[in-house]
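Enquirer: Structure below; questions to follow.
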Amino acid sequence: MSMMDEEKCIAKILAGDTDAYRELVERYQTGLIIHCENILNDRQEGEDVAQDAFIKAYENLKNFSASKARFSTWLYRIATNMCIDTLRRNRRKIPIEHIEQHLEATVPKHIEKDEIAHLQKCIEELEPPKYAEIIKAYFWEGKSYQELATTYNTTTGTIGTWMRRAKHQLKEKLS
Amino acid sequence: MKQLLFEARLIAARPTTYTPNKQFTDRVMTGIHSPEIISNYVRTMDVNKKESFIMKVRHLPKLAIVAIAIGVLAILGGTTYAAYKLLWEHPSVTIQEPTTNQFGRTQVIASFENCTNQSAATTFEIKAGSTLDPSEIEKILQARCEIEALREWSGTTTPPKRPNPSMQQTEGTYSQTMRMTYPVGLEVVSIDATSLALTGDTYNTPENPLVLTDKTQYIVDNHESTIDQIKPGDTVLYVHDVTYDFVTKKTATGYNTSSTVSNRVVTHVVKVDLPFEYYGPSKQNQIAEREACMGNPQDSCVQGAAIVLYENYPTAPILPDDNGEVPFDSREVQGIIIDHSGTTLKIQSSSGRVFTLNTPRDIVSDFNRTRSAEYNNVTVEKGDMIQVRYAVDKASTSLELGPSEIRSVYLELNMIQKGDPIQKY
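These protein sequences, in sequence, are chains C and H. Each residue of the first sequence is one higher than the one before, starting from 730 at the first, in the working numbering. Each residue of the second sequence is one higher than the one before, starting from 13 at the first, in the working numbering.
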């Protein structure tokens, strides 16, 4: 969805077409959940906070100015604030600067079509095939490490190891 | 940073044929459509990360009572928790002599051993209107630690195999089983080899009886035991496998998957020592934690339910600069209102400092005039406790906050039980 399409989508929502918000949720949910999971270090909490962030963004949509920033950046800022609240209420400490790094790093990027095609091709070429499967399941389908561990009848630690190897292999292919 | 930027590219490369998680989308849309939106943003209790009490304190219908509800156990598809050994170290809690704090609340300082997420000494206060004896705080925290220990441990064994996740891209049905810990302790009514009936908590007793099998394990005194060691009248916690049946259907834009719960089987029954009340909201909600305010360590902030008076999510400045630095600090403070004049509010924090809040509109009068009726006619007045979240320059020491710096203002509440009328802190 281009920025113009996004502006039109937001305009529709503000005009009363609530269901149009589904498009934004579907577009950003995977990345936002990962963003929150990275900060909170807990998948379920990450999903809960991401869900609430979408709701809060919807409720505050009239305050959002598409001319000043992308919706995704604003949404991620809301989610980050909520993650900070969650960390505070669960008595967990994390340096705020680490959270700010997460904000920049996982906000959706615009990448060119040929880069997309190249990335997708490199993912499909990962060996063994399960590496490609877990990359797609985590980053494209929004599966958690625990769900992947269940699927592959293994532990989250092993999934983490496969993920690291898969990403390392991908980076070498892309370099 | 580089790692995270790489991940952003992976996310951005998702093909359009990959459909997002429909359940998640449906939950968000339900939350938007429903007037009873529950929000993680405000919590009254922190017994469990997921199954915490969640309060809805915005846009309630007239005369609505703030709902204190256990979250998501049966509603949201949970995830299994990290695997740990079967037996865990028994957590312990020690509290110092109670004192009365500057807010007139009885408080204790508690220290912990073998308690997940609790290491440093922590201050807890008894909420106003509570009938709790200070000596009970130790039991409440003990129960909290025991539930957390079980939560962390559950999910050690592998649930039954389920079909490949690519089934979500194929029309058909498949099942997925997830292991979850019920976050409330209850009293045994009856127990035999195939069923467990529980009672205790008015709002949180599950549908009886629960299913037990020959694979159900029984734990007493933190070690494996037998069913005959658990008797009617005992307090138990339990872990269960919940099976979801998914149906995937092709649509014009891809695939959509819906789910229903088809089965719940108890995998572990854990006998615990304290009366069941201490493992549930009736006691857990009687205390609140008081901790150093974020960014203002010389002040203390109490955790708890609150009503949103004002929120501000500006679009700028929120982006990092070219060096990846974010130019501001996120901070919070709580204080008693000592003066209100139009768009200016003065609050005095626990350290005695006076913060001046300058808001774009008169948030106090606005609330009292237009939203008080939604909250049983509670009004904001001098002497009330306010929490402020704000963003300022990292080097800022100013106690005067402008409209562009204030992110949110809350009226702190003192809520104990579900169904209680709204009461200010």
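Glycine residues also receive a C-beta, built at the ideal position from the N, C-alpha and C atoms.
How would you list, in chain order, the residues of chain C whose beta-carbon sits under 9 Å from the beta-carbon of LEU22(H)?
Expert: LEU848, ILE852, ILE864, TYR867, PHE868, TRP869, LYS896 and LEU899
Enquirer: Among the residues of its own chain, which have a CB less than 6 Å from the CB of ASP374(H), if the five just before and after it don't count?
Expert: GLY354 and THR355
Enquirer: Assuming HIS847(C) contacts ALA808(C) under a Cβ cut-off of 8 Å, what Cβ separation, rounded to an integer in Å, is found between them?
Expert: Their Cβ separation, rounded to whole angstroms, is 29 Å, which puts HIS847(C) and ALA808(C) out of contact at 8 Å.
Enquirer: Can you round the beta-carbon distance between TYR881(C) and LYS859(C) to whole angstroms, since I take them to be within the 8 Å contact cut?
Expert: 7 Å
Enquirer: Taking only beta-carbon positions, decide if GLU735(C) is within less than 8 Å of chain H.
Expert: no
Enquirer: As a quick exercise: from GLU774(C), VAL778(C), ALA786(C) and LEU769(C), pick the residue whose alpha carbon is nearest that of ILE739(C).
Expert: The alpha carbon of ILE739(C) has as its nearest neighbour, out of GLU774(C), VAL778(C), ALA786(C) and LEU769(C), the alpha carbon of ALA786(C).
Enquirer: Does any residue of chain H have a CB that is nearer than 8 Å to the CB of GLU776(C)?
Expert: yes
Enquirer: Mind checking whether GLY775(C) and ILE784(C) have CB atoms under 8 Å apart?
Expert: no
Enquirer: Using the DSSP secondary-structure output, state which residues sit across from ASP145(H) in a beta bridge.
Expert: ASP145(H) pairs with nothing; no bridge assigned.
Enquirer: Return the first residue and the last residue of the alpha helix (DSSP H) that THR255(H) is part of.
Expert: Here THR255(H) belongs to no alpha helix (DSSP H); instead the beta strand (DSSP E) covers 247–262.
Enquirer: Indicate whether at least one CB of chain H lies closer than 8 Å to the CB of ILE845(C).
Expert: yes
Enquirer: Would you check if there are 3 or more beta carbon pairs closer than 8 Å linking the segment 100–107 of chain H to the segment 256–266 of chain H?
Expert: no
Enquirer: Measure the CB-CB distance between ASP432(H) and SER362(H) and report whether it falls below 8 Å.
Expert: no
Enquirer: Can you pull out the residues from the segment 362–394 of chain H whose beta carbon lies closer than 8 Å to at least one beta carbon of chain C?
Expert: none
Enquirer: I'd like the list of long-range same chain contacts for ALA140(H), defined as Cβ closer than 8 Å, with 5 residues on each side in sequence excluded.
Expert: Hits under 8 Å: GLY116, ARG117, ASN426, GLN435 and TYR437.
Enquirer: Note the first and the last residue of the continuous alpha helix (DSSP H) segment covering ILE864(C).
Expert: 858–868
Enquirer: Whose C-beta lies closer than 6 Å to the C-beta of VAL314(H) among residues of the same chain, with five residues either side of it excluded?
Expert: ALA300 and ARG302
Enquirer: For ILE348(H) and ARG806(C), what's the separation of their Cα atoms in angstroms?
Expert: 29 Å
Enquirer: Whose CA, out of ASP748(C), ASP746(C), LEU753(C) and GLN758(C), lies closest to the CA of SER873(C)?
Expert: GLN758(C)
Enquirer: Going by DSSP, which residues form a beta bridge with ILE319(H)?
Expert: LEU423(H)
Enquirer: Within the chosen definition, does the segment 276–293 of chain H reach the segment 148–157 of chain H through at least 3 CB pairs nearer than 8 Å?
Expert: yes
Enquirer: Can you name, in chain order, every residue of its own chain whose Cβ lies under 8 Å from the Cβ of ALA133(H), other than the five neighbours on each side?
Expert: ILE121, ALA122 and SER123
Enquirer: Do MET41(H) and ARG751(C) count as a contact pair if the criterion is CB distance below 8 Å?
Expert: yes
Enquirer: Label ALA866(C) either buried or exposed according to how many other C-beta atoms from any shown protein chain fall within 10 Å of its C-beta, with 16 as the threshold for buried.
Expert: buried
Enquirer: Which two residues bound the contiguous beta strand (DSSP E) that contains ASP405(H)?
Expert: 397–405
Enquirer: Go to SER361(H), then tell me how far its beta strand (DSSP E) extends in each direction, as first and last residue.
Expert: 356–361
Enquirer: Starting from PRO309(H), trace the beta strand (DSSP E) in both directions and tell me its first and last residue.
Expert: 308–314
Enquirer: Can you tell me whether ALA798(C) is helix, strand or coil according to DSSP?
Expert: coil
Enquirer: Nearest by alpha-carbon distance to TRP165(H): which of ASN380(H), ASN220(H), VAL282(H) and CYS305(H) is it?
Expert: VAL282(H)
Enquirer: Between THR759(C) and chain H, is there a C-beta pair that is closer than 8 Å?
Expert: By this cut-off, THR759(C) is an interface position.
Enquirer: Is there a Cβ of chain H sitting closer than 8 Å to that of ILE768(C), yes or no?
Expert: no
Enquirer: Whole angstroms is fine: what's the gap from VAL196(H)'s alpha carbon to GLU219(H)'s?
Expert: 14 Å
Enquirer: Using a Cβ cut-off of 7 Å, pull out every chain H residue sitting near GLU755(C), in sequence order please.
Expert: Taking a Cβ-Cβ cut-off of 7 Å, the neighbours of GLU755(C) in chain H comprise PRO32 and THR37, given in sequence order.
Enquirer: Thinking C-beta only, is GLU344(H) closer than 8 Å to VAL400(H)?
Expert: Against a cut-off of 8 Å, the Cβ pair of GLU344(H) and VAL400(H) comes out as a contact.
Enquirer: I'd like to know whether the C-beta atoms of VAL754(C) and THR37(H) end up nearer to each other than 8 Å.
Expert: Cβ atoms of VAL754(C) and THR37(H): closer than 8 Å.
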